[in-house]
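Below you'll find the structure, written out as C-alpha cells, and then a few comments.
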Amino acid sequence: MKAGPEDLADHRGCLVGKPSLIELDNVVRSYQTEGTEVRALDGISLTIRKGEFVAIMGQSGSGKSTLMNILGCLDTPSAGSYTINGHNVNSLTQEQLSALRLKTFGFVFQRYQLLASHSAIENVALPAIYSNTDKQEREKRAAELLTRLGLGDRLEHRPGEMSGGQQQRVSVARALINGAEVILADEPTGALDSASGEQLLALLKELHGEGVTIILITHDPAVAEHAERQVHLLDGKIVSDSGEAVPEETPQEGTQGAVQAFRSISGAAALGMAFSSLRLNWFRTLLTLLGIIIGVAAVVTMMAIGEGGKQDVLKRIEAIGTNLISVRPGGRNMRNSGDVATLTLADADALRDIPGVMYVAPERSSRNTMRYGENDFSGRIKGSTPDYLHVKDWEIAQGVFFTEEDVRNYAPVVVIGDTVAETLFEDKMQAVGKYILMSNSLYQVIGVLKSKGATAGGSDQDDEVLIPVTTGRLKVFGRDYLSGITIKASGSDVASQVKDAVLETLKQRHGAEDVMVFTTDSLVEAVTETQNTLTWLLASVAAISLFVGGIGVMNIMLVNVSERKREIGLRMATGAKPADILKQFNIEAWVVCILGGAVGIVLGYGVILIVSQFSISVAYTLMPPVLAFVTSLLVGVLFGYAPALKASRLSPIEALSED
1 MKAGPEDLAD HRGCLVGKPS LIELDNVVRS YQTEGTEVRA LDGISLTIRK
51 GEFVAIMGQS GSGKSTLMNI LGCLDTPSAG SYTINGHNVN SLTQEQLSAL
101 RLKTFGFVFQ RYQLLASHSA IENVALPAIY SNTDKQEREK RAAELLTRLG
151 LGDRLEHRPG EMSGGQQQRV SVARALINGA EVILADEPTG ALDSASGEQL
201 LALLKELHGE GVTIILITHD PAVAEHAERQ VHLLDGKIVS DSGEAVPEET
251 PQEGTQGAVQ AFRSISGAAA LGMAFSSLRL NWFRTLLTLL GIIIGVAAVV
301 TMMAIGEGGK QDVLKRIEAI GTNLISVRPG GRNMRNSGDV ATLTLADADA
351 LRDIPGVMYV APERSSRNTM RYGENDFSGR IKGSTPDYLH VKDWEIAQGV
401 FFTEEDVRNY APVVVIGDTV AETLFEDKMQ AVGKYILMSN SLYQVIGVLK
451 SKGATAGGSD QDDEVLIPVT TGRLKVFGRD YLSGITIKAS GSDVASQVKD
501 AVLETLKQRH GAEDVMVFTT DSLVEAVTET QNTLTWLLAS VAAISLFVGG
551 IGVMNIMLVN VSERKREIGL RMATGAKPAD ILKQFNIEAW VVCILGGAVG
601 IVLGYGVILI VSQFSISVAY TLMPPVLAFV TSLLVGVLFG YAPALKASRL
651 SPIEALSED
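For the record, in the sequence shown the residue sitting at position 132 is 132 according to the numbering used here, with numbers rising by one throughout.
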C-alpha cells in the first residue's frame with residue numbers, strides 16, 4: 001500500500017517532538033579525477049528523525065549512493081558535518097565508526113552481498129561475530145529471524161540454492177541481527193521480480209511499523225511511493241524534500257555519551273573463519289602448504305643427518321677411549337707422517353715414567369702381503385708391544401698375545417684379527433700354531449683377536465695384523481723410528497696433565513718441538529665444532545627452501561586478499577574493525593604455516609626413516625622439529641602480516657564495489 005497525503009500528514013504529526021537521529025549540515029563529498037575535482041555531493045543538508053521511512057531518490061549519478069555510504073559510515077564527508085545521535089562522525093575513530101555500523105545500521109544491498117560459501121544462518125549471524133555474541137546465541141537469533149521472514153526451511157541453504165527474493169530476505173535478516181536502529185536499503189528491489197519486490201517493501205514497512213528507521217535508496221518513483229517521505233537528489237544537491245516542514249528538535253552533541261568501540265573478535269572466532277576460508281580454497285591452500293612442508297621437512301632431515309654424522313664420529317672416538325693421548329712425529333712446520341724420524345723406542349720407554357701413564361704402545365706400520373697355502377691377505381702390518389692390547393681395550397679370542405720377551409728376542413710371531421683369520425684359513429679356529437709367509441720370512445700365528453666388527457662408518461676393525469715392533473723393525477719396516485705412540489692415562493681427569501708432560505719430556509729429549517701431542521678430548525671438541533658447523537650449514541641450505549615457502553605464503557595471501565575484497569568490504573560494512581580483519585588474515589597465514597610445519601615434521605621423519613635404511617647415520621633429536629616448527633610459525637608471522645595489513649586498510653566502499 002502506497003503512502004497518500006493523509007498518511008503523510010499523520011506521519012508528520014507523529015514525528016513532532018521526536019529527536020533527530022541523523023543530521024547532515026552542508027555536506028560535500030568530492031573526488032579528484034585526473035586532476036579535476038568532481039563533487040558527488042554538493043552542500044547536502046538533511047535531518048532524519050527516529051522512526052522515519054525515507055526514500056532518497058535520483059537518477060544514476062545524482063549522488064544517492066554516495067549519500068548512502070556517508071549515512072552508513074562507510075565514507076566520510078570532504079566538508080560539512082554529519083551527526084548521528086548527537087555524535088559528530090568526523091571526530092570518530094575507525095573503531096567507533098565500526099561500532100556504529102555494527103549496532104546502529106543494517107545494510108540491505110541491491111546485489112544481496114551474501115557470502116557464497118556460507119549457509120543462510122551463517123550469513124545472517126556474521127555481524128554478531130563482531131559484537132562478540134556467543135556462537136550458540138547468535139545462531140539461535142539468526143534462526144529466529146530467518147523463520148520470521150519465512151525462511152525457516154532454508155537455514156542451511158547457501159545463496160546459490162535460493163531465489164533472489166529469498167537471498168534478499170536473508171540480507172534483511174542479517175541487517176537486523178544486532179538490533180539495528182536504521183536500515184539502509186540500496187536499490188533493494190533492483191534485482192527482484194515485481195512480486196518479490198512487493199514482498200520486500202511490505203517487509204520494510206512492517207519493520208518501520210515496529211519503530212525501525214528505514215532509509216530507502218532508489219531511482220524508481222513507484223518504489224519511493226511506499227515511503228512516507230521522499231528526498232530528491234539531482235547533481236549532488238537536494239531539489240525537493242517532502243518532510244522538510246517537520247519541526248526539528250535536535251539533541252545537543254555528545255548528550256548520548258561517547259560511542260563505545262567493541263573489543264576485537266576472539267581468537268576462536270577468527271580461527272573458525274580462517275579454517276572456513278582455507279577449506280573453501282583447498283587446492284590453493286594445498287599449494288601454499290607444499291612450500292612450507294618441503295622447507296620444514298628439509299630442515300628436519302638435514303639437521304638429523306648432520307647430527308647423526310656427528311654422533312657417529314664421536315662414537316668412534318669414544319670407542320678408542322677418552323683417556324688416550326696420541327703422539328705423532330712432526331712439528332708445526334714439519335710434514336705429519338711416518339716418514340719423519342723423530343720418535344724412537346727409547347722415547348716410548350722414557351714416557352712410561354711420567355706420572356699418570358698406565359700403558360705406552362709404540363707403533364710402526366707398513367703395508368704388506370701374507371700367505372698361507374694358496375690364500376693371500378694384503379693389508380696394514382703393525383708393529384707394537386704388549387701394551388697395545390690394553391691401549392686398544394682388545395681381547396684375545398684364541399691363543400695369546402706376544403710378550404715383552406718376544407719383543408726383546410725379535411720373535412717371529414704374529415697376532416691376527418678375525419677377518420684375517422677367515423681370509424687365510426679355511427677354519428679360523430685352527431689358525432693358532434700355523435705359519436704364514438710374510439716378507440720372505442715365516443711367522444707363527446700365536447693368537448687371534450676377538451671380533452669387534454665394523455665401525456658405524458663401515459670400516460672393518462678386524463683386519464689387524466700385529467707383530468712385535470722389534471721384529472717388524474728388523475724384518476719388515478727396515479727403519480728404527482716409529483709412526484706414533486699411543487698412551488693410556490690412568491683416567492680422563494689426568495689426560496690433559498699427562499699430555500703436557502709428554503710434550504715437555506719429548507722437547508727436552510729432542511731439543512725441539514718436533515712432535516704433535518693431542519688427546520681424544522681435544523679431538524672430540526674439534527670434531528664437534530666441525531660437525532656443528534656442517535649441520536648448521538645443511539640447516540641453512542634447507543632454511544632457504546623454507547624462506548622460499550614463506551614468500552609463497554605471502555604471494556598466495558596477497559592474491560587471496562585481492563580476490564576476497566568484496567568479502568572484506570562486506571565484513572567491514574557489517575561491523576568488522578580493521579583490527580578484526582588484520583587478525584583474521586594473520587591467523588589464516590599462521591594456520592597455513594602451522595599445518596605446513598606439522599606435516600613437514602612428519603614428512604621429515606619419514607624421509608629420515610627411509611634414509612636410515614641405506615646405512616646413513618641419522619639422529620632423532622628434539623631440536624630439529626622444534627626449530628623447524630618455530631621457524632615455520634615465524635614465517636607465518638613475518639610473511640602473513642603484509643597481506644593482512646593490506647586487507648585491514650581496504651576501503652569498505654571500494655571493496656564492496658569489486659565484482
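Ideal Cβ placement from N, Cα and C applies to all residues, glycine included.
The Cβ-Cβ distance between residue 354 and residue 472 does not fall below 8 Å. In the three-state reduction of the DSSP assignment, residue 217 falls in the strand class.
In this structure, residue 534 sits near residue 306, with a CB-CB distance shorter than 8 Å. 8 Å or more divides the Cβ of residue 105 from the Cβ of residue 27.
Residue pairing by DSSP puts residue 327 in a beta bridge opposite 485 and 517. The C-beta distance from residue 56 to residue 216 rounds to 7 Å, short enough to fall under 8 Å. DSSP, reduced to helix, strand and coil, places residue 264 outside both helices and strands of the structure shown, so it counts as coil. The alpha-carbon separation between residue 508 and residue 361 amounts to approximately 21 Å.
Per DSSP, residue 24 is one residue of the beta strand (DSSP E) stretching across 20–33. Separation of residue 38 and residue 195 (C-alpha to C-alpha, rounded to the nearest whole angstrom) is 38 Å.
Counting along the chain, no alpha helix (DSSP H) covers residue 575, and no H or E run does either. Remark: C-beta atoms of residue 569 and residue 127 do not approach each other more closely than 8 Å.
Taken through DSSP and simplified to helix, strand or coil, residue 375 comes out as strand.
In the structure shown, residue 382 adopts extended strand secondary structure according to DSSP, grouped into three states. Residue pairing by DSSP places residue 39 opposite 30 in a beta bridge.
For the pair residue 573 and residue 100, the Cα-to-Cα distance works out to about 10 Å.
If you ignore the 5 residues before and after residue 444, its C-beta comes within less than 6 Å of the C-beta of 413 and 435, all in its own chain and listed in chain order. Nearest in C-alpha terms to residue 447, of all of 438, 441 and 464, is 464.
In the structure shown, residue 562 falls within a helical segment according to DSSP collapsed to helix, strand and coil.
Between the C-alpha atoms of residue 282 and residue 624 there is a straight-line separation of about 28 Å.
Counting along the chain, the unbroken alpha helix (DSSP H) around residue 652 starts and ends at 652–656.
In this structure, DSSP gives residue 91 a helical state, which the three-state scheme calls helix.
Burial check for residue 130: the Cβ neighbour count within 10 Å reaches 16 or more, so the residue is buried.
If you check the CB distance, residue 638 and residue 550 come in under 8 Å. Just so you know, the alpha carbons of residue 608 and residue 304 end up roughly 7 Å apart.
Within a 10 Å sphere around the beta-carbon of residue 466 sit 16 or more other beta-carbons, which makes this residue buried. According to the DSSP assignment, residue 649 belongs to no alpha helix (DSSP H), since it is labelled neither H nor E. Contact annotation: residue 514 and residue 330 have beta-carbon atoms nearer than 8 Å. Going by beta carbons, residue 108 and residue 146 fall outside the 8 Å limit. Note that the C-beta distance between residue 487 and residue 469 is not below 8 Å. In the same chain as residue 214, and ignoring 5 residues on each side of it, the C-beta atoms closer than 6 Å to its own belong to 53, 183, 204 and 208, in chain order.
Taking the C-beta atoms as reference points, residue 235 is found nearer than 8 Å to residue 62. In this structure residue 489 is in contact with residue 358, their Cβ atoms being roughly 7 Å apart against a cut-off of 8 Å.
According to the DSSP assignment, residue 54 belongs to the beta strand (DSSP E) that extends over 53–57.
The C-alpha of residue 232 lies about 22 Å from the C-alpha of residue 198.
Spatial neighbours of residue 349 in its own chain (CB-CB distance under 6 Å, excluding positions within 5 residues in sequence) are not present.
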